[in-house]
């Protein structure tokens, strides 16, 4: 089944604009295929204003979001594959959607990340949380 992310992004973009708000996107700049100005990336992420007054030629396709924008006076074409789109929201009130992190599908015979080659060595199950009454102290 195809990803619902591009459909949700298009709907939220329209909804944000219809409510006279500014659509922003949060992008994982470390994903393959992302083309953003790296000097504005912070902790591997970048927030981009995609309002009609801030960008030109915005296209929200089924595989990629692309637009032309200016950063520090320099014209750039931005490419955001939907796997890298982390959120779309209104700047004014934060309403929108945060997307689940998508991982690449596993190939046949591949073990899930973090699993050991030897299946007999399983990690200990997590301990249940402590039960009982919590204790609080007054600090002056």
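In the working numbering, the protein residues as written are 1 to 140. Glycine residues also receive a C-beta, built at the ideal position from the N, C-alpha and C atoms.
What residue range is occupied by the uninterrupted beta strand (DSSP E) comprising residue 142? Residue 142 lies beyond the residue range present for the chain, which begins at 1 and ends at 140; the question has no answer from this structure.
Starting from the C-beta of residue 65, find all residues in its chain whose C-beta is less than 6 Å away, skip the five residues before and the five after it, and write them out in chain order. Here the set comprises 80.
Let me check understanding here. Comparing Cα to Cα, which of 1, 25, 20 lies closest to residue 10? 25
Can you tell me where the alpha helix (DSSP H) with residue 10 in it begins and where it stops? 5-18
If you count every other CB in all the chains shown that lies within 10 Å of the CB of residue 72, and 16 or more means buried, which is it? exposed
Tell me whether residue 13 is buried or exposed, calling it buried when 16 or more other Cβ atoms sit within 10 Å of its Cβ. Buried.
Are the CB atoms of residue 84 and residue 28 nearer to each other than 7 Å? It is a contact, given that the beta carbons lie within the stated cut-off.
Roughly how many whole angstroms lie between the Cα atoms of residue 92 and residue 20? 9 Å
Whose C-alpha, out of 60, 100, 101, 76, is nearest the C-alpha of residue 23? 60
What would DSSP say about residue 86, mapped onto helix, strand or coil? The DSSP-derived three-state label of residue 86 is strand.
Among 68, 62, 90, nearest to residue 15 - alpha-carbon criterion: Measuring from the Cα of residue 15, the nearest candidate turns out to be 90.
Which same chain residues end up closer than 8 Å to residue 34 when comparing Cβ atoms and leaving out the 5 residues on each side of it in sequence? 27, 28, 79, 80, 81, 84
DSSP three-state label for residue 38, please. helix
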